[in-house]
Amino acid sequence: MKNPNYLNELNESQREAVECTEGPVMIIAGAGSGKTRVLTYRIAHLLNKGVDAFNILSLTFTNKAARAMRNRIEAIIGSSEARNLWMGTFHSVFAKILRFEAEKIGYPNNFTIYDTDDSKSLIKSILKENNLDEKVYKPGMVLSRISAAKSSLISPQVYMNDSEAISHDRSSGKPLLGEIYLKYNTRCFNSGAMDFDDLLFNTNVLLRDFPDVLYKYQNKFKYILVDEYQDTNFSQYVIVRKLASLFENICVVGDDAQSIYAFRGANIQNILNFEKDYPDLHTFKLEQNYRSSKVIVNAANSIISNNKEQLDKTVWTHNEEGEKIKVMRALTDNEEGALVANSIFTTKMNQQRRDKEFAILYRTNAQSRAMEEALRKLNIPYRIYGGLSFYKRKEIKDLLAYFRLAINPNDEEALKRIINYPMRGIGQTTVEKIILAANEQGKRIWEILENPLLVNNVVGGGTAAKIDSFVTMIRSFNLELKTKSAYELAERIAMTSGILRDLSEDKTPEGVNRTENIQELMNGIREFSESEAPDENGEAITRLRTLDEFTQDIALLTDADEKDKENLDTVSLMTIHSAKGLEFPFVYVVGLEENLFPSQLSLNSRSDLEEERRLFYVALTRAEKQAFLTYSTSRYRWGNLTSCEPSRFLEEIDSQYLEFEGFDRKAPKPSNDHQYNDMDWENFRRPSNGNGNGYSQYKAKPAAPKPAYTPPVVPKNLVNVNKASSASFTADDAEAIMKLQSGMQVEHEKFGIGKVLNVEGMLPNKKATVFFEGVGQKQLLLKFAKLKIINP
DNA sequence: GTGTAATGCTATTGG
DNA sequence: AGCATTACAC
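The numbering of the first sequence is this note's numbering, which starts it at 1 and goes up by one.
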């Protein structure tokens, strides 16, 4: 035992929650109350009491959280026993179990896991084959209906007989959703593929239809812990209830105030009804916040009190008072970025902070662009979490599709992706014919492809020969799965398939970047190949690590799982959803505008709006020392400048915790140079708390002042003259364009380094003549050319 | 079957 | 504005 006094590191309610190990336990944990700490210590305590690690199942929200917990547990108990714990997300833990048991429910053990893109692509194929209009049956929407059904354990058969579903789909003009759902499921099954929801649905099928399997896992998992229980859906709930029903050593941890995934089927009722499921339940409340200042805790409480549905709980803190929350207003989204970047810069300098102590949180991924540009201009390093994750990039998915097909040749989506990439003359029509033939004859796609007779029935001789050589190639990969290491085979596939050749022919910066991404993937595979594998007893052993292991490992990774990047000293940019569970000394929540946050789509129902409010609560409670809230009075949305009103959430915060920087809340909206419909600023909502003077402490200024915003100091050697993106000028851009003079050395994205020979014209249409080495003389419209001044 | 130009759609949130 | 799909020419 490395740390025998570990219980002393907990406060009273934390310790009680840790020590109550037997029977059902619910822990209601306020934001920043040490929830992870309790879970970690609880597991350590179980191990310390002699419980075998193999008998503990701990379900976390991300795999990264599981890894972090495992490490902390090892540090507490001082042994490597923690590696034997079953820990991970619902999806990864039950995918692992399904790999053992798949054949019982008719799946191959090496089943593919379809991601959202695969699912959508399959739905598109089905729509096309059945002559259904993609505009009526939008693939994304169809998928979310299917997903909702699966999360509620509604099979296609049940769906098609469900009167509520039938009338819902009829009245929305999509009566065939049930049929599509059935076809979709059949196709997944025939491809040996499960989508994300199938992993949980099929686990339920397995536990329902095979009592011996259920019994086996009930006995195995004598202690079950579930983190973020407020975000579990019905399907997950049933799995947990079934597994726990033998011993009832079930501990769930959650916070109803932080439930932000109802949109994907999460059900707060799971936490609210837990008491009914387990009458002899022990409930613990963690209400002391250790993370944030008093200002932040109290401000967050004042927001969440606007929600009607919530458990009784008061979060408080002993921490210092802290700075007030700063509210900042910008005129455009770009200026909002500049405001934030500038504020980070000054705070960093004044308080001697590191970049990694700052986070910028937003409601939608699209908002990151303005922030990025502003940070780049100030040379502030940043890292975006989410967005296009590494494994979603085209070139990565292409190579992975080869791996997938080598592992499971019936994987229809992988096949469609690469049968003609790099191009080998097997076009769309051919693929459609083959798939059609497979479905008509009730055969798997690979059965058709493998059989020259069947292929010849469908396509001409020339195409058949091309198919034959493709089949031979994939089959040769397949034969090497068990004999070659992941790295050896991956390298061979990258070469033989022609992907590397195809990419290396592309000399554009994007093309080079794609090759580098492939290289990075290969490095990851090499690392994997050289790592030790756990055997079934959890012992690390050295044996061949194969490509199918690798491919299955990464299928459920998310970018939150990207490892070892958190040590980088960079500002973090992410959506509020992905910020869940994280904390930062300084947090900027940006885009606090009506229709953006709260989102327009949430305004129709009370429960959706309350979820948005909980999301805001989550955002604010990420901050330790100080929070900053920003909004813009106008913003580009799908290419047009639109006018925005400040978010209602700004008014819901008790104003004693707010400080308005550079503007007066009561002052009329400042005029600016942009042309757009001026919204009714005078009717900017008055405080609705009835006393009518909610803002009186802010003195009204007579005139409409420009916000006190000083443009950031831009390093002279890296002036971004303009972005091609906008036809409108920000002050910065215009200024930079004006600075451009002949004789300067500049860099162009495509043409490289060049020298300015001449500048002419008036501002919006100012032109420069630039000589680029190896390219020649070019006339560039500064509004569009991305010119960087390298040497003034 | 392949390459390019034109059109049209989109931007909640994520495993 | 940017991306994906579609239309049409080769």
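From the three backbone atoms N, C-alpha and C, an ideal C-beta is built for every residue, glycine too.
If you count every other CB in all the chains shown that lies within 10 Å of the CB of residue i, and 16 or more means buried, which is it?
| i | result |
| --- | --- |
| LYS394 | exposed |
| THR62 | buried |
| TYR261 | buried |
| TRP446 | buried |
| LYS416 | buried |
| MET574 | buried |
| LYS482 | exposed |
| GLY192 | buried |
| THR332 | buried |
| PRO452 | exposed |
| THR859 | Outside the shown range of the chain (1 to 792) lies residue 859, about which nothing can therefore be said. |
| MET328 | buried |
| LYS783 | Because the pLDDT at LYS783 is just 48, under 50, the model does not fix this residue reliably, and the value given afterwards should be weighed accordingly. Buried. |
| ARG208 | exposed |
Excluding sequence positions up to five away, which residues of its chain have a Cβ less than 7 Å from the Cβ of residue i?
| i | result |
| --- | --- |
| ILE419 | ILE426, VAL431 and PHE470 |
| PHE196 | HIS91 |
| TYR698 | Note that TYR698 scores 26 on pLDDT, short of 50, meaning its location in the model is unreliable and no value can be drawn from it. |
| ASN357 | Per the sequence shown, residue 357 should be read as Glu rather than Asn. Contacts found: PHE584, PRO585 and PHE586. |
| VAL238 | LEU153 and ASN204 |
| ASP411 | THR112, SER191, GLY192, ALA193, ARG404 and LEU405 |
Short of 6 Å in beta carbon distance, which residues of its chain neighbour residue i, apart from the five on each side in sequence? Order them along the chain.
| i | result |
| --- | --- |
| GLN626 | GLU323 and PHE586 |
| ALA359 | SER572, PHE584 and VAL587 |
| ALA727 | Unreliable placement is indicated for ALA727, whose pLDDT of 23 sits below 50; the coordinate value is still reported in the next sentence. Here the set comprises nothing. |
| ALA82 | ARG70, ILE73 and GLU74 |
| ASN758 | SER742 and THR769 |
| GLU610 | ASN307 |
| ASP502 | PRO422 |
| ALA555 | ILE113 |
| ASN3 | ILE76 |
| GLU134 | LEU127 |
Using C-beta distances below 8 Å, list every residue in its chain close to residue i, excluding the 5 sequence neighbours before and after it, in chain order.
| i | result |
| --- | --- |
| GLU652 | SER302, ILE303, ASN306 and ARG613 |
| ALA619 | LEU361, ILE576, ALA579, VAL587 and VAL589 |
| GLN230 | GLY254, ASP255, ASP256, GLN258, SER259, ALA266, ILE268, ASN270 and ILE271 |
| ARG363 | THR575, ILE576, GLY591, LEU596, PHE597, SER599 and LEU615 |
| PRO143 | Per the sequence presented here, residue 143 reads as Leu, with Pro not at that position. Cβ neighbours of LEU143 beyond the five flanking positions: THR116, SER119, LYS120 and ILE123. |
| SER607 | ALA262 and GLU309 |
Under 8 Å by Cβ, that's how I've got residue i and residue j pegged, so tell me the actual separation to the nearest angstrom.
| i | j | result |
| --- | --- | --- |
| THR112 | ARG404 | 6 Å |
| TYR290 | GLY34 | 6 Å |
| ALA44 | ASN84 | The Cβ separation is near 14 Å, so there is no contact. |
| VAL657 | VAL295 | What sits at residue 657 in the sequence shown is Tyr, not Val. Yes, they are in contact, since the Cβ atoms of TYR657 and VAL295 sit about 5 Å apart, within 8 Å. |
| LEU39 | LEU225 | 6 Å |
| PRO279 | THR570 | Between THR570 and PRO279 the Cβ distance is about 50 Å, and since that is not below 8 Å, they are no contact. |
| PHE616 | PHE649 | 5 Å |
| ALA438 | ILE448 | 5 Å |
| SER497 | TYR402 | 5 Å |
| GLU413 | LEU127 | Contact doesn't hold; Cβ gap of about 15 Å is too wide. |
| PHE174 | TYR137 | According to the sequence as given, residue 174 is Lys; it is not Phe. Contact flag correct, Cβ pair sits at about 6 Å. |
| ILE474 | ALA406 | 6 Å |
| SER389 | THR558 | 7 Å |
| SER531 | TYR487 | Contact flag wrong, Cβ pair sits at about 11 Å. |
| LEU845 | GLU129 | The first residue shown for the chain is 1 and the last is 792, placing residue 845 beyond what the model contains. |
(message) Does the contact criterion of 3 or more C-beta pairs under 8 Å hold for the region 272-288 versus the region 15-27?
(response) yes
(request) Any chance you could list the alpha helix (DSSP H) runs of at least 4 consecutive residues sitting entirely within the region 164-220, in chain order? (result) 177-190, 196-209 and 211-220
(request) Give, in chain order, every unbroken run of the alpha helix (DSSP H) that is at least 4 residues long and sits entirely within the region 102-176. (result) 116-129, 139-151, 156-161 and 163-171
(message) Using 8 Å as the cut-off, can you tell me whether the region 461-479 makes contact with the region 504-512, which would need three or more C-beta pairs spanning the two stretches below that distance?
(response) no
(message) For the region 142-153 against the region 232-241, do three or more pairs of beta-carbon atoms, one drawn from each stretch, fall closer than 8 Å, so that the two count as touching?
(response) yes
(request) Decide yes or no for the touch test of the region 336-349 against the region 628-641: beta carbon pairs closer than 8 Å, at least 3 of them. (result) yes
(request) Within the region 46-89, note down every full beta strand (DSSP E) run reaching 3 residues or more, in order along the chain. (result) 56-59 and 86-88
(request) Please confirm if the region 96-112 is in contact with the region 63-80, defined as three or more CB-CB distances below 8 Å between the two stretches. (result) no
(request) Say whether the region 166-173 touches the region 199-207, bearing in mind that this needs 3 or more beta-carbon pairs closer than 8 Å, one atom from each stretch. (result) no
(message) Between the region 202-218 and the region 175-182, can you find at least three pairs of beta-carbon atoms closer than 8 Å?
(response) no
(request) Examine the Cβ distances between the region 312-326 and the region 49-60 and report whether three or more of them are shorter than 8 Å. (result) no
(message) With a threshold of 8 Å, are at least 3 pairs of Cβ atoms found where one atom belongs to the region 268-279 and the other to the region 6-22?
(response) no
(message) Three or more C-beta pairs under 8 Å: does that hold for the region 483-493 against the region 365-380?
(response) no
(request) May I have a chain-ordered list of the alpha helix (DSSP H) segments no shorter than 4 residues that lie completely inside the region 408-435? (result) 412-418
(message) Just to confirm the assignment: which complete beta strand (DSSP E) runs, minimum length 3, are found wholly within the region 367-412?
(response) 382-384
(request) Mind listing, in chain order, the continuous alpha helix (DSSP H) runs of no fewer than 4 residues lying wholly within the region 582-626? (result) 606-620
(request) May I have a chain-ordered list of the alpha helix (DSSP H) segments no shorter than 4 residues that lie completely inside the region 324-368? (result) 333-351
(request) Report the residue ranges of all beta strand (DSSP E) runs contained in full by the region 222-281; include only those spanning at least 3 residues, in chain order. (result) 223-226 and 250-254
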